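In the numbering used here, the protein residues as written are 322 to 592.
All C-beta atoms in this analysis are idealised placements derived from N, C-alpha and C, irrespective of residue type, glycine included.
As the structure is a computational prediction, the values presented were derived from the model and not from experiment.
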Ligand SMILES: Nc1ncnc2c1ncn2[C@@H]1O[C@H](COP(=O)(O)OP(=O)(O)OP(=O)(O)O)[C@@H](O)[C@H]1O
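Okay, structure coming up:
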């Protein structure tokens, strides 16, 4: 039996800061088309893993392979060229530009650079980028905001645009860093449906998120970190039954009685 090659593979990845081991021998795979969560208590190492995948940090040991290419020594922009994109928890849109201008800026990996946006109309590719940005906003159901200045839009809409910005570079793999942070329950529900729609376009998702409601609705599988080590790698449906996971979130005394714990935004209950 042959198994399809994963889109992303971390193999025995470790990262230290000075004498502090922050990631220890972490391995996991993300299949093509998967919707996978990367979860764990505060300080577990999730953001560090994202920074290692996206190229802000280099691992001290181990390999990171994207679509068959070892990327751990490549600069971030090369990883973007290979199909990696990331949305950030703290929205990184240009607040005084319109939605469509922000999306077009994010198409820059396929253009000549930021300077091109200073004199954009003269560029041969401008009309095409504009059309593609309009199509993307339309496909994601937020084209009504295309001409609006970002700073004037509600926070929940800006979060969606932050995600669409990350899609503008046509990624194979999208890293989503706490997409539901700061959203209320209704906005989170809307965002979850929105992310499912994105996944249906074939983009593979790896999601760091504390909101377990979103994780359960969106992600089939989860990797759980604690103190920089992997403690679970399997279906999201059974993550809350795992004693190591319960212990990591709630402490050893609670691990047998935690199944009654409820979802709470900001509180890191897993059950
Ligand atoms: N540049 C750095 N220098 C030193 N220590 C760091 C650095 N970046 C992260 N750490 C440490 O590494 C550990 C993991 O941090 P990280 O931000 O990856 O955790 P996290 O799981 O994303 O946490 P949270 O859920 O709170 O965002 C923490 O103890 C943090 O203090």
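{"query": "Test item: CB-CB of residue 341 and residue 494 under 8 Å", "result": "no"}
{"query": "In chain order, each alpha helix (DSSP H) run of at least 4 residues that lies wholly inside the region 465-527", "result": "476-488 and 506-521"}
{"query": "Complete runs of the alpha helix (DSSP H) confined to the region 399-430 [at least 4 residues]", "result": "420-427"}
{"query": "Bridge partners - residue 329, DSSP secondary structure assignment", "result": "351 and 387"}
{"query": "Per DSSP, the bridge partner or partners of residue 566", "result": "Paired residues: none, contrary to the question."}
{"query": "Close Cβ partners of residue 347 (< 8 Å) along its chain, the five nearest in sequence each way excluded", "result": "331, 333, 334, 335, 366, 370, 383, 546, 549, 550 and 551"}
{"query": "Straight-line gap, residue 479 to residue 471 (C-alpha atoms, nearest Å)", "result": "7 Å"}
{"query": "DSSP three-state assignment for residue 434, whether helix, strand or coil", "result": "For residue 434, the pLDDT reaches just 48, beneath the cut-off of 50, and the residue's location in the model is therefore unreliable, although a value from the coordinates is still provided. Residue 434: coil per DSSP, three-state reduction."}
{"query": "CB of residue 349 within 8 Å of CB of residue 544, strictly", "result": "yes"}
{"query": "Residue nearest to residue 467 in terms of C-alpha spacing, selected from 476, 477, 511 and 454", "result": "454"}
{"query": "Nearest candidate by alpha-carbon position, reference residue 338, set 373, 557, 359 and 508", "result": "373"}
{"query": "When 351, 409 and 568 are compared against residue 530, the one with the closest alpha-carbon", "result": "409"}
{"query": "Cut-off 8 Å between Cβ atoms - residues of its own chain near residue 351, not counting five sequence neighbours on either side", "result": "327, 328, 329, 330, 357, 494, 525 and 527"}
{"query": "Between the CA atoms of residue 559 and residue 502 - distance to the nearest angstrom", "result": "24 Å"}
{"query": "Nearest neighbour of residue 343, chosen from 380, 375, 355 and 469 [CA to CA]", "result": "380"}
{"query": "Strand pairing of residue 357, partner residues [DSSP]", "result": "527 and 542"}
{"query": "For residue 344, the three-state DSSP class (helix, strand or coil)", "result": "strand"}
{"query": "Of the residues 426, 498 and 469, the one placed nearest residue 450, counting alpha carbons only", "result": "426"}
{"query": "Opening and closing residue of the alpha helix (DSSP H) in which residue 460 lies", "result": "447-460"}
{"query": "Through-space distance from residue 420 to residue 505, alpha-carbon basis", "result": "22 Å"}
{"query": "C-alpha gap between residue 394 and residue 573, whole angstroms", "result": "39 Å"}
{"query": "heavy atom of ligand 1 below 7 Å from residue 547 C-beta", "result": "no"}
{"query": "Alpha carbon of residue 435 to alpha carbon of residue 418, nearest angstrom", "result": "With a pLDDT of 49 at residue 435, under the threshold of 50, the modelled position of this residue cannot be trusted; read the value that follows with caution. The straight-line gap from Cα to Cα measures roughly 14 Å."}
{"query": "Residue 372 - DSSP class collapsed to helix/strand/coil", "result": "helix"}
{"query": "Contact test: residue 494 Cβ vs ligand 1 heavy atom, cutoff 7 Å", "result": "no"}
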